[in-house]
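A.B. asks: One structure, as structure tokens, below. Some questions next.
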Amino acid sequence: ESFFSALKKERIKRRIYPTRDEARSDVFNYIEMFYNPIRRHGFAGNLAPLEFERRYAQSGS
């Protein structure tokens, strides 16, 4: 539920997409380019996945 709330607030609120394909592409880009790599996730100690992976690689584990 929080994902859809963030999607609506940060990406699609007050936007009108000319076609369904443009809407689908915009939502995909939001998920793949912002939400997944940058947003902090609880499972990763409240770190963004990229930061979690960087720290993991530095720890030598």
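Residues are numbered in my numbering as their position in the sequence shown, beginning at 1, plus a constant of 36. Every residue, glycine too, gets a C-beta built ideally from N, C-alpha and C.
Flag this pair as yes or no: are the beta carbons of Val63 and Arg50 separated by less than 9 Å?
C.D. replies: Not in contact: Val63 and Arg50 (Cβ atoms no closer than 9 Å).
A.B. asks: For Pro85 and Thr55, I'd like the C-alpha separation in whole angstroms.
C.D. replies: The straight-line gap from Cα to Cα measures roughly 32 Å.
A.B. asks: Return the first residue and the last residue of the alpha helix (DSSP H) that Arg56 is part of.
C.D. replies: Arg56 to Asn65 is the extent of the alpha helix (DSSP H) around Arg56.
A.B. asks: If the criterion is Cβ atoms closer than 9 Å, does the pair Gly81 and Phe88 meet it?
C.D. replies: Yes.
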